[in-house]
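K.L.:
Taken in sequence, the protein lines are chains B and H. My numbering puts the last residue of the first sequence at 275; the count rises by one with no breaks. My numbering puts the last residue of the second sequence at 550; the count rises by one with no breaks.
2 protein chains.
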Amino acid sequence: MKQAIGVIDSGVGGLTVAYELMRQLPKEKLIYVGDTARCPYGPRSKEEVQQFTWEMVNFLLARDIKMLVVACNTATAFTLDSLKKHLAIPVIGVIQPGARAAIKFTKNNSIGVIGTDGTIRSNAYTNALKNIKGELDICAKACPMFVPMVEQGIMEGSKAIQVVEEALRPMVEQTQMDTLILGCTHYPLLKSTIQSVVGEDVTLISSSEETARETSTILEMQHLLNHNGITPIHQFYTTGDLNMFMQISKRIFKEQNLQMITIEKAALHQMQDSK
Amino acid sequence: MKQAIGVIDSGVGGLTVAYELMRQLPKEKLIYVGDTARCPYGPRSKEEVQQFTWEMVNFLLARDIKMLVVACNTATAFTLDSLKKHLAIPVIGVIQPGARAAIKFTKNNSIGVIGTDGTIRSNAYTNALKNIKGELDICAKACPMFVPMVEQGIMEGSKAIQVVEEALRPMVEQTQMDTLILGCTHYPLLKSTIQSVVGEDVTLISSSEETARETSTILEMQHLLNHNGITPIHQFYTTGDLNMFMQISKRIFKEQNLQMITIEKAALHQMQDSK
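1) Would Val292/H and Ala487/H qualify as a contact pair, given that the criterion is a beta-carbon distance under 8 Å?
2) Helix, strand or coil, according to DSSP, for Lys379/H in the structure here?
3) For chain B, find out if any of its Cβ atoms is closer than 8 Å to the Cβ of Lys408/H; answer yes or no.
4) Please confirm if Pro232/B has its CB atom under 8 Å from at least one CB of chain H.
5) With a cut-off of 8 Å, does the C-beta of Gln176/B fall near any C-beta of chain H?
6) Quickly, what does DSSP pair Glu264/B with across the bridge? List them, please.
7) Following the continuous beta strand (DSSP E) through Asp356/H, name the residue where it begins and the one where it ends.
8) Just the chain H side, please: which residues come within less than 7 Å of Glu214/B by C-beta, in chain order?
9) With DSSP collapsed to three states, give me the class of Ile230/B.
10) Rounded to whole angstroms, how far is the Cβ of Ile280/H from the Cβ of Thr490/H, which I believe are closer than 8 Å?
11) Who are the near neighbours of Gln24/B in its chain, counting only those whose CB is closer than 7 Å to its CB and skipping five residues on each side?
12) Would you kindly check if the distance between the Cβ of Ala376/H and the Cβ of Ile480/H is under 8 Å?
13) When we look at the beta-carbon of Ile95/B and count the other beta-carbons within 10 Å, is it buried (16 or more) or exposed?
14) What's the call for His186/B, buried or exposed, on a 16-neighbour Cβ count within 10 Å?
15) Can you tell me the Cβ-Cβ gap for Lys107/B and Asp178/B, rounded? I've got them flagged as a contact below 8 Å.
16) Can you check DSSP and say which residues form a bridge with Tyr19/B?
17) My assumption, with CB atoms under 8 Å, is that Lys416/H sits in contact with Met446/H. Please give the rounded CB distance.
18) Can you find the residues in the same chain that come closer than 8 Å, C-beta to C-beta, to Gln547/H, ignoring five residues on each side of it along the sequence?
19) Could you check what DSSP says for Ile5/B in three-state terms: helix, strand or coil?
20) Rounded to a whole number of angstroms, what is the C-alpha to C-alpha distance between Thr394/H and Gly118/B?
21) Cα separation between Gln497/H and Met56/B?
22) Residues of chain H with CB under 9 Å from Pro26/B, in chain order?
23) Using a cut-off of 9 Å between C-beta atoms, extract the partners of Leu500/H located in chain B.
24) From Val69/B, Lys85/B, Leu61/B, pick the residue whose C-alpha is nearest to that of Ile92/B; which is it?
25) Compute the distance between the beta-carbons of Glu551/H and Glu441/H, then report whether it is under 8 Å.
26) With a threshold of 8 Å, are at least 3 pairs of Cβ atoms found where one atom belongs to the segment 223-230 of chain B and the other to the segment 493-510 of chain H?
27) Mind listing which residues of the segment 99-130 of chain B have their C-beta closer than 8 Å to chain H's C-betas, in chain order?
28) Taking just the CA atoms, how far does Ile252/B sit from Lys265/B?
29) By DSSP, does Ile120/B sit in helix, in strand, or in coil?
30) Taking a cut of 9 Å between CB atoms, which residues from the segment 466-488 of chain H lie near chain B?
31) Applying a beta-carbon distance threshold of less than 7 Å, which residues of chain H neighbour Gln96/B?
32) Nearest-angstrom Cα distance between Thr311/H and Met521/H?
33) Which residues does DSSP list as the beta-bridge partners of Met342/H?
34) Just tell me which of Ala350/H, Met519/H, Pro372/H, Ile413/H has its CA closest to the CA of Glu426/H.
35) Going along the chain, which residues of its own chain have a beta-carbon closer than 8 Å to the beta-carbon of Thr401/H, five neighbours each way excluded?
36) If you draw a straight line from the alpha carbon of Thr74/B to that of Ala403/H, how long is it in whole angstroms?
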């Protein structure tokens with residue numbers, strides 16, 4: 001039986017999804033690839049994102065994964081359909097789980113979505129939401145300052161509050177939203193700051209938590225849950241600097257989990273014929 | 276293409292699941308069967324529950340459903356595996372979705388579960404939770420007074436608080452639970468009373484909400500979401516008294532939704548060879 005869940009991301013944002021997978025599915029082994037060397041994917045062309053994504057996928061397929069989690073909003077927006085069509089294993093992205101969770105939580109059908117420029121421009125969340133429920137009032141807003149801020153390690157404090165306040169205040173004032181989708185895998189790291197700005201009455205949806213939750217659903221539906229009782233040692237690969245990747249992993253995973261992971265350099269090669 | 280989601284329950288408890296399906300998946304048509312005449316299933320033998328459940332399933336299969344939701348904890352505990360094994364359509368029960376949601380929500384790995392005698396005795400929630408995550412502290416308690424109280428229309432007020440307080444106070448005092456699974460489809464109707472007794476810091480998990488959420492996940496994964504744009508007219512069948520069923524539906528669905536449903540009498544016939 002195939003053992004591992006494959007997780008791909010343009011860099012380190014997907015580590016919040018990996019963290020949630022480890023927390024919600026502690027018996028499952030992860031193999032993660034972060035394309036840190038070519039991050040961010042946001043400003044790249046659709047073709048380029050598709051090519052890079054398939055390179056990561058082929059890297060993981062060679063390691064015999066049983067399921068694929070696309071832990072990157074841009075890659076989800078541009079490649080999910082193609083991956084679902086061509087792969088024999090279950091594939092999940094980060095957009096639909098957040099959309100479904102928001103529909104569950106909203107009481108007044110007014111939902112906010114924040115993400116990177118690329119994600120918001122793609123309308124992927126709006127489409128995913130409307131695809132399920134037409135009568136929603138959706139306000140989507142790009143927050144281009146959030147990712148660079150998080151990557152500098154600024155997540156709380158007056159500077160973070162100022163940046164988040166500036167981005168979200170108009171949304172809070174102009175909409176009735178009772179639910180806000182954090183449509184970028186970096187944003188859960190800003191959760192407490194965002195909550196303080198939008199107020200306690202707005203439910204924040206973490207696409208990382210929700211994607212891990214739905215991965216659990218799908219593994220059970222497909223009879224793929226791990227029952228071998230062996231504590232998994234997770235494998236993490238980065239195309240970029242190992243030290244930097246390790247530093248950020250430490251921050252996200254906390255100390256105890258780091259004993260369960262190995263981090264190596266990934267060399268990706270395009271394999272056109274696998275597409 | 277098959278159009279409807281089939282929903283089965285021993286009676287009216289599953290209407291909370293139907294309500295959530297209508298709210299979270301408003302484009303989907305439901306066909307509901309409540310075996311009110313033979314409710315409750317709780318005290319019945321496993322064989323009897325299996326027989327009655329298969330009668331409802333066969334009734335729905337003849338109506339060409341695309342997915343089956345077992346909206347009854349007892350039926351889920353006794354028949355889910357067999358239904359999954361024998362049916363070609365996706366099948367979901369109410370136990371696993373609640374378990375997965377609780378694992379997502381808990382921060383301290385201490386989870387409470389309340390349900391009917393039968394559900395708690397079956398250990399179905401404990402097994403579902405431990406199956407995914409071993410390191411959980413689980414406290415499960417039967418609350419046999421809750422369903423009869425709800426069926427009498429007592430859901431709030433001093434009497435309801437007294438009954439809920441008596442049942443849950445020991446759990447609140449003796450455990451560190453930060454998450455409580457409402458492991459019975461009647462219990463969402465007691466949500467505000469239960470919340471007031473356990474305190475605002477405990478997250479209540481409604482198996483009805485979570486089952487609807489995961490139905491959404493599965494329909495999308497299996498490419499079964501409805502895109503025909505026609506507002507669905509739901510069909511509800513009861514084996515018992517039509518008037519009583521209508522009264523309870525009114526209370527759960529609110530006025531606007533009642534225009535979208537029809538309620539008829541179901542005549543179930545056992546079809547052994549379909550098992």
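Just so it is clear, CB atoms sit at the ideal spot from N, CA and C, and this is done for glycine as well.
P.N.:
Well, looking at it:
1) Yes; because the gap between Cβ atoms is below 8 Å, this pair is in contact.
2) Three-state result, Lys379/H: helix.
3) Closer than 8 Å: yes.
4) Interface flag for Pro232/B against chain H is unset, since no Cβ pair is found closer than 8 Å.
5) Output row for Gln176/B: interface = no.
6) Beta bridge pairing from DSSP links Glu264/B with Tyr237/B.
7) Where Asp356/H is concerned, there is no enclosing beta strand (DSSP E), although the alpha helix (DSSP H) it sits in stretches over 348-361.
8) Thr492, listed in chain order.
9) Assigned with DSSP and collapsed to three states, Ile230/B falls in coil, not helix or strand.
10) Contact between Ile280/H and Thr490/H is confirmed by a C-beta separation of about 7 Å, below the 8 Å threshold.
11) The beta carbon of Gln24/B sits closer than 7 Å to the beta carbons of Ala212, Arg213, Ser216 from its chain, once the five residues preceding and following it are set aside; these are given in chain order.
12) Yes, Cβ-Cβ distance for Ile480/H and Ala376/H is below 8 Å.
13) Flag for Ile95/B reads buried.
14) His186/B sits buried, since 16 or more C-beta atoms from the chains shown fall within 10 Å of its C-beta.
15) Right, their Cβ atoms sit about 6 Å apart.
16) DSSP lists no partner for Tyr19/B.
17) Lys416/H to Met446/H, Cβ: 6 Å. Contact.
18) With a pLDDT of only 47 at Gln547/H, under the threshold of 50, the placement of this residue in the model should not be trusted, and no figure is reported.
19) Here Ile5/B sits in strand by DSSP.
20) One C-alpha to the other measures close to 47 Å.
21) Whole-angstrom Cα-Cα distance: 25 Å.
22) Against chain H, the beta carbon of Pro26/B has neighbours under 9 Å at Ile407, Lys408, Gly409, Glu410, listed in chain order.
23) By Cβ distance, chain B contributes Asn131, Ile132.
24) In terms of Cα proximity to Ile92/B, the closest of Val69/B, Lys85/B, Leu61/B is Val69/B.
25) With chain H covering 276 to 550 only, the question about residue 551/H has no answer from this structure.
26) Fewer than three pairs of CB atoms, one per stretch, sit closer than 8 Å, so the segment 223-230 of chain B makes no contact with the segment 493-510 of chain H.
27) Listed by position, the residues of the segment 99-130 of chain B near chain H (Cβ gap below 8 Å) are Arg100, Ala101, Ile103, Lys104.
28) Between Lys265/B and Ile252/B, the C-alpha separation is close to 19 Å.
29) In the structure shown, Ile120/B adopts helical secondary structure according to DSSP, grouped into three states.
30) Taking 9 Å as the Cβ-Cβ cut-off against chain B, the residues of the segment 466-488 of chain H that qualify are Glu484, Glu485, Ala487, Arg488.
31) By Cβ distance, chain H contributes Glu495.
32) Their backbone Cα atoms lie some 12 Å apart in a straight line.
33) Met342/H is bridged to Ile280/H.
34) When C-alpha distances from Glu426/H are compared across Ala350/H, Met519/H, Pro372/H, Ile413/H, the shortest belongs to Met519/H.
35) Once the five neighbours on either side are set aside, the close Cβ partners of Thr401/H are Val388, Ile413, Ala415.
36) Approximately 34 Å between the Cα atoms of the pair.
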